[in-house]
Amino acid sequence: MSDLPRKAVARTAKLAALPLGFAGRTALGLGKRIGGRPAEKIAAELQQRTAEQLFATLGQLKGGAMKLGQALSVFESALPEQVAGPYRAALTKLQEAAPPMPVKSVHAALAERLGADWRDLFEEFDDKPAAAASIGQVHRAVWHDGREVAVKVQYPGAGEALLSDLTQLGRFARLLGPLIPGMDLKPLIAELRDRVSEELDYGLEASAQIAHAEEFAGDADVMVPAVVHHSDQVLVTEWLEGVPLSEVITDGTQEQRDRAGQLLARFLFSGTARTGLLHADPHPGNFRLVTGAHPDGPPEKWRLGVLDFGTVDRLPQGLPAEIGTALRLTLEGEAEAVHELLCDEGFVKPEIELDPGAVLDYLLPIIEPAQVEEFTFTRDWMRSQATRIADPRSPAYQLARQLNLPPAYLLIHRVTTSTIGVLCQLGATVRLRDEMEAWVPGFAAGRPAEDCGQGTPA
Numbered sequence: 038m039s040d041l042p043r044k045a046v047a048r049t050a051k052l053a054a055l056p057l058g059f060a061g062r063t064a065l066g067l068g069k070r071i072g073g074r075p076a077e078k079i080a081a082e083l084q085q086r087t088a089e090q091l092f093a094t095l096g097q098l099k100g101g102a103m104k105l106g107q108a109l110s111v112f113e114s115a116l117p118e119q120v121a122g123p124y125r126a127a128l129t130k131l132q133e134a135a136p137p138m139p140v141k142s143v144h145a146a147l148a149e150r151l152g153a154d155w156r157d158l159f160e161e162f163d164d165k166p167a168a169a170a171s172i173g174q175v176h177r178a179v180w181h182d183g184r185e186v187a188v189k190v191q192y193p194g195a196g197e198a199l200l201s202d203l204t205q206l207g208r209f210a211r212l213l214g215p216l217i218p219g220m221d222l223k224p225l226i227a228e229l230r231d232r233v234s235e236e237l238d239y240g241l242e243a244s245a246q247i248a249h250a251e252e253f254a255g256d257a258d259v260m261v262p263a264v265v266h267h268s269d270q271v272l273v274t275e276w277l278e279g280v281p282l283s284e285v286i287t288d289g290t291q292e293q294r295d296r297a298g299q300l301l302a303r304f305l306f307s308g309t310a311r312t313g314l315l316h317a318d319p320h321p322g323n324f325r326l327v328t329g330a331h332p333d334g335p336p337e338k339w340r341l342g343v344l345d346f347g348t349v350d351r352l353p354q355g356l357p358a359e360i361g362t363a364l365r366l367t368l369e370g371e372a373e374a375v376h377e378l379l380c381d382e383g384f385v386k387p388e389i390e391l392d393p394g395a396v397l398d399y400l401l402p403i404i405e406p407a408q409v410e411e412f413t414f415t416r417d418w419m420r421s422q423a424t425r426i427a428d429p430r431s432p433a434y435q436l437a438r439q440l441n442l443p444p445a446y447l448l449i450h451r452v453t454t455s456t457i458g459v460l461c462q463l464g465a466t467v468r469l470r471d472e473m474e475a476w477v478p479g480f481a482a483g484r485p486a487e488d489c490g491q492g493t494p495a
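Sequential numbering of the sequence shown, starting at 38, is according to the numbering used here.
Have a look at this one:
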């Protein structure tokens with residue numbers, strides 16, 4: 038029997054209760070305001086209860102529901118503080134944990150997928166999961182050769198639940214909008230659904246992780262655990278010890294925040310240039326700050342541990358050179374050239390007429406972090422960008438509605454935006470321009486695109 042509540046009626050009922058619950062609390066809040074209670078206090082209470090219901094439900098259901106919750110978690114820094122506050126604790130909790138499946142079910146799954154003698158593969162196996170996520174959970178173990186390993190076991194029925202949830206959430210997207218103010222959930226849900234088959238195939242994940250582990254073996258900045266063994270629904274990798282990025286966000290020192298932020302930006306750009314693969318699930322639960330033998334040593338000795346390669350974008354030539362070229366031309370103030378490039382790449386449809394100067398004015402604040410030697414990412418900066426684009430009275434809002442996001446750039450856009458969200462959660466000061474000049478084709482003036490990625494920035 039599956040440990041995911043798979044029956045469509047039961048899961049649909051839980052998901053349907055989200056917008057209904059929100060509507061009910063809104064009506065109750067209106068009644069309290071009529072009764073004389075302060076509006077601000079009522080709003081805070083409603084947001085707190087909404088957050089609790091939303092993320093408790095998404096976490097309990099696992100599957101696509103929890104996958105959506107994790108994807109949303111990196112965007113909380115864009116929300117107004119009075120809204121983001123009540124959500125933050127629930128979001129952080131969702132990044133790393135979900136209710137585990139029973140031990141008996143874990144053993145049955147391992148016997149089915151690794152064989153009846155699966156225990157012979159391990160010297161030790163901890164029945165208590167070390168982490169649980171949207172479609173599987175991780176157990177700590179010792180491989181038969183003495184290596185400490187992480188054993189990722191897919192939940193029975195995960196595929197069915199994932200598709201069902203995301204289909205249902207897509208239908209509810211407009212009703213769920215008020216739960217996460219300012220977010221258009223429908224494209225995000227559609228993109229997550231398109232990636233379902235890759236998420237479920239641990240063989241594909243293993244191949245992506247092997248490529249990264251081999252490329253970054255011995256790297257001074259990035260650490261990727263080696264793959265030890267895999268089947269379609271079980272993945273065994275070397276254990277990675279480190280401080281989860283979610284803990285660095287909540288309790289880290291400024292040195293930890295800055296180092297983690299710099300390495301995260303470096304991995305975003307260098308990983309694609311060096312492997313031809315874009316790690317496409319950049320929520321904090323998938324990263325560790327690895328201090329190793331240097332917990333109190335210089336930050337430059339700390340490395341970024343990277344986990345979960347279940348979703349990747351395959352870019353054999355690295356990031357498109359058009360991205361770097363457009364960003365460089367924007368910084369140089371070349372409005373006509375930027376407009377022409379955006380038209381050529383499909384960001385501006387043929388029937389749409391836009392003023393090149395207005396396009397430049399729209400883009401410059403967004404790429405402010407690349408204009409300076411170092412930039413401090415903050416929630417306030419992220420909110421200012423979100424507000425500028427989401428306010429119907431703003432010229433930026435009107436222009437954004439006329440721009441198009443070509444399918445080839447959809448996942449790149451989400452990963453970049455999500456990574457910036459994590460940098461803002463960290464409050465990290467980052468030399469972003471250095472990383473872009475080193476790794477983004479077309480960004481460095483006078484540097485051919487094919488030369489990018491040949492070396493590590495100082």
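From the three backbone atoms N, C-alpha and C, an ideal C-beta is built for every residue, glycine too.
| Check | Outcome |
| --- | --- |
| Alpha carbons only, please: which of 339, 181, 293 is nearest the one belonging to residue 256? | 339 |
| Which whole runs of the alpha helix (DSSP H) in the segment 435–467 are 4 residues long or more, in chain order? | 444–463 |
| Nearest to residue 275 by alpha carbon, out of 161, 177, 328, 458? | 177 |
| Should residue 334 be labelled buried (16 or more other beta-carbon atoms within 10 Å of its own) or exposed? | exposed |
| Of all the beta strand (DSSP E) runs that stay within the bounds of the segment 171–258, which reach a length of 3 or more residues? | 173–180, 185–191 |
| Beta-carbon separation of residue 477 and residue 361 under 7 Å? | yes |
| If you reduce the DSSP assignment to three classes, tell me which class residue 471 lands in. | helix |
| Can you find the residues in the same chain that come closer than 8 Å, C-beta to C-beta, to residue 265, ignoring five residues on each side of it along the sequence? | 180, 184, 186, 273, 274, 275 |
| Going by other Cβ atoms of all chains shown within 10 Å of its Cβ, with 16 needed for buried, is residue 386 buried or exposed? | exposed |
| DSSP puts residue 351 in a beta bridge; with which residues? | 314 |
| Using the three-state DSSP reduction, which class does residue 267 fall into: helix, strand or coil? | strand |
| By alpha-carbon positions, which one of 405, 352, 349 ends up nearest to residue 365? | 405 |
| Evaluate the contact criterion for the segment 374–384 versus the segment 439–456: three or more CB pairs, one atom per stretch, below 8 Å. | yes |
| Residue 398 lies in the alpha helix (DSSP H); which residues open and close that run? | 393–403 |
| Alpha carbon to alpha carbon, how far is residue 480 from residue 168? | 39 Å |
| Near residue 414, which residues of its chain fall below 6 Å by C-beta distance, leaving aside the five closest residues on each side in sequence? | 460, 461, 465 |
| From what residue to what residue does the beta strand (DSSP E) around residue 326 run? | 324–327 |
| Specify the secondary structure class of residue 479 as computed by DSSP and reduced to three states. | coil |
| Got a sec, what are the start and stop residues for the beta strand (DSSP E) residue 409 sits in? | Here residue 409 belongs to no beta strand (DSSP E), and DSSP marks it neither H nor E. |
| Taking its Cβ as the centre, do 16 or more other Cβ atoms sit within 10 Å of residue 452, making it buried, or is it exposed? | buried |
| Ends of the beta strand (DSSP E) at residue 342? | 340–343 |
| Return yes when the Cβ of residue 341 is within less than 7 Å of the Cβ of residue 259, no when it is not. | yes |
| Given residue 394, which residues of its chain have a CB within under 6 Å of its CB, disregarding the five upstream and five downstream residues? | 372 |
| For residue 277 versus residue 321, is the C-beta spacing smaller than 7 Å? | no |
| Taking contact to mean 3 or more Cβ pairs, one atom from each stretch, closer than 8 Å, check whether the segment 151–158 and the segment 279–294 are in contact. | no |
| Return the residue from the list 310, 301, 435 that minimises the CA-CA distance to residue 467. | 301 |
| From residue 161 to residue 145, what distance separates their C-alpha atoms? | 17 Å |
| Quick check on this structure: which residue in 353, 426, 194, 229 has the alpha carbon closest to the alpha carbon of residue 24? | Coverage of the chain is limited to positions 38 through 495, which leaves residue 24 absent and any answer about it impossible. |
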